[in-house]
Amino acid sequence: MSSDAEFCHDRISALHEDLLVQILTLVPVKDAVKTMVLSKRWSFLWTMMHRLDYIEKDRDEKIVWDFLDKSLQLNKAPVLESLRIRIHRQCPLVDADLGKWVSVAVERCARELILILCHLSDPTSLPKRLYTCKTLVQLILSDKILVDVPSPACFPSLKFLVLSRVVYKDQDSHVKLLSSCPVLRQLLVVRTKRDNVNRFSVKVPSLLLLTYVYFPLPDNNDDKPLVIDSPGLIFVNITVADPLRDSFSIKNMPRLEGAIISLYGYPPNNELNFMTSFSSVRILSLRSLKVGCCNAINFPRLIELKLCLPSSEHHWMEPLMLLLHNAPKLKTLRINSVIPFYIFKAFIVYPEDVQLSWNQPSSVPGCLLSQLEIFEWRGYKRRSEEKQFAAYILANSTCLNTVGISPTSSCGDEKEKPN
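Under the UniProt record's numbering, the first residue of the sequence shown carries the number 1, and numbering increases by one thereafter.
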């Protein structure tokens with residue numbers, strides 16, 4: 001070993017034991033175990049890790065489970081702060097084994113539990129004692145997991161919950177789970193067609209942030225309604241493909257400050273009544289949404305608006321003017337009309353092939369005359385209608401101090417004013 005290498009080795013070994021353990025927690029358990037051959041001092045350090053991260057890809061069931069069992073048995077940390085288990089598709093799984101490891105996390109007062117099970121077998125049940133864990137603050141359940149909530153159930157400390165592509169035992173399982181989280185702050189839900197739930201209800205008084213994603217299969221015509229009744233919400237992010245007119249029942253959000261609404265596909269006659277539920281927001285991002293759906297809605301508090309427009313949309317400039325008339329306090333307007341990724345279509349409509357529609361409004365929106373300070377537009381193609389629209393914004397916005405207009409072809413920060 002060179003003198004430089006010896007010096008580096010000595011410096012690391014001289015660190016305090018707690019710091020060395022903290023460093024080991026940054027890598028998966030399998031990698032941490034390998035450090036035991038470095039020296040006698042390192043031989044036991046990995047057993048003191050309070051955050052365990054398992055990433056299993058091995059096809060041999062015995063190898064996987066033996067390693068998990070032995071490493072958990074040898075762990076001597078007084079409190080197991082975090083247990084993360086990620087099982088890849090080719091790795092087999094047995095319910096009893098998973099239940100044992102989850103029980104260890106509960107017994108050791110874990111604050112974080114992450115289970116991502118991508119194996120090819122049926123959804124895996126979790127032990128009932130998990131649903132009464134008093135110490136969990138963060139719980140992430142993903143993929144082949146069966147959510148079967150017993151009675152009683154209670155997560156008195158849980159603040160962050162992710163339910164991604166899981167399967168629920170029945171329609172009431174998610175309701176029982178959410179009602180057992182009295183201090184829940186953040187919820188992320190990603191649904192699938194076969195999750196055994198029709199109407200998904202989010203009624204959590206303590207909830208502050210909600211993200212909801214549902215992409216059905218292309219041939220799926222089933223509606224999956226969403227109900228939101230959470231008065232504490234301050235931010236909502238909803239992404240849905242092919243929504244029907246009555247897919248949403250959203251109410252009782254008096255504290256809502258911001259929302260991101262991404263809709264891929266449009267309901268008949270552009271009827272999106274649920275958008276009125278977001279009329280009080282200060283920050284709004286509309287993605288792949290026909291702007292005309294919001295024409296009749298007043299946004300008295302809106303100060304920032306971002307539009308991400310589908311490339312096939314041609315009738316957005318005039319509806320946007322109507323929206324601006326209804327947003328008297330708007331200070332920031334960002335438009336992104338770059339080519340989007342189409343999920344269910346085998347072709348892309350390029351912006352050059354779309355005939356835009358623009359007629360100058362009879363009156364100037366009040367926000368342009370006295371409020372708008374920032375105007376950004378990505379995807380500007382120098383077409384006649386775009387030039388007229390941009391020129392109108394610039395000519396009538398008396399408070400503008402920042403303007404950024406860039407063409408689709410620009411990959412950097414190139415910004416220019418319309419010719």
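For every residue, glycine included, the Cβ atom is placed at its ideal position computed from N, Cα and C.
Please read these numbers as outputs of a predicted model, since none were measured by experiment.
{"Asked": "So, with DSSP's three-state summary, where would you put residue 262?", "Found": "strand"}
{"Asked": "For residue 250, which residues of its own chain have a beta-carbon under 6 Å away from its beta-carbon, when the five flanking residues on both sides are left out?", "Found": "228, 274 and 277"}
{"Asked": "Below 8 Å on the Cβ atoms is my contact criterion, and I expect residue 196 with residue 170 to pass it. Report the Cβ-Cβ distance as a whole number of Å.", "Found": "6 Å"}
{"Asked": "What are the boundary residues of the beta strand (DSSP E) that includes residue 404?", "Found": "402-406"}
{"Asked": "Is it true that the CB of residue 317 sits closer than 9 Å to the CB of residue 357?", "Found": "yes"}
{"Asked": "Quick check on residue 291: does DSSP put it in helix, strand or coil?", "Found": "helix"}
{"Asked": "For residue 382, is the classification buried or exposed, using 16 other Cβ atoms within 10 angstroms of its Cβ as the cut-off for buried?", "Found": "exposed"}
{"Asked": "Does the beta-carbon distance from residue 401 to residue 373 come in below 9 Å?", "Found": "yes"}
{"Asked": "Whole angstroms is fine: what's the gap from residue 301's alpha carbon to residue 307's?", "Found": "17 Å"}
{"Asked": "Buried or exposed, going by whether 16 or more other CB atoms sit within 10 Å of the CB of residue 79?", "Found": "exposed"}
{"Asked": "What number of angstroms, rounded off, separates the C-alpha of residue 121 from the C-alpha of residue 143?", "Found": "11 Å"}
{"Asked": "Starting from the Cα of residue 22, find the closest Cα among 52, 39, 68 and 43 and give me that residue.", "Found": "52"}
{"Asked": "Given a cut-off of 9 Å on the beta-carbon distance, is the pair residue 204 and residue 188 in contact?", "Found": "no"}
{"Asked": "Only counting the same chain, and skipping five residues up and downstream in sequence, which positions put a Cβ closer than 7 Å to that of residue 133?", "Found": "106 and 155"}
{"Asked": "Using 8 Å for Cβ pairs, my map puts residue 85 next to residue 54. What's the rounded Cβ distance?", "Found": "5 Å"}
{"Asked": "Does the distance from the C-beta atom of residue 328 to that of residue 366 stay below 9 Å?", "Found": "yes"}
{"Asked": "Does the Cβ-Cβ distance between residue 127 and residue 103 come in under 9 Å?", "Found": "yes"}
{"Asked": "Around the Cβ of residue 399, are there at least 16 other Cβ atoms within 10 angstroms (buried) or fewer (exposed)?", "Found": "exposed"}
{"Asked": "Can you tell which of 115, 291, 304 and 288 has its C-alpha closest to the C-alpha of residue 281?", "Found": "304"}
{"Asked": "Nearest to residue 66 by CA position, among 101, 239, 234 and 385, is which residue?", "Found": "101"}
{"Asked": "Give me the Cα-Cα distance between residue 361 and residue 387, rounded to the nearest whole angstrom.", "Found": "15 Å"}
{"Asked": "Note down the Cα distance separating residue 17 from residue 111, rounded to an integer number of angstroms.", "Found": "22 Å"}
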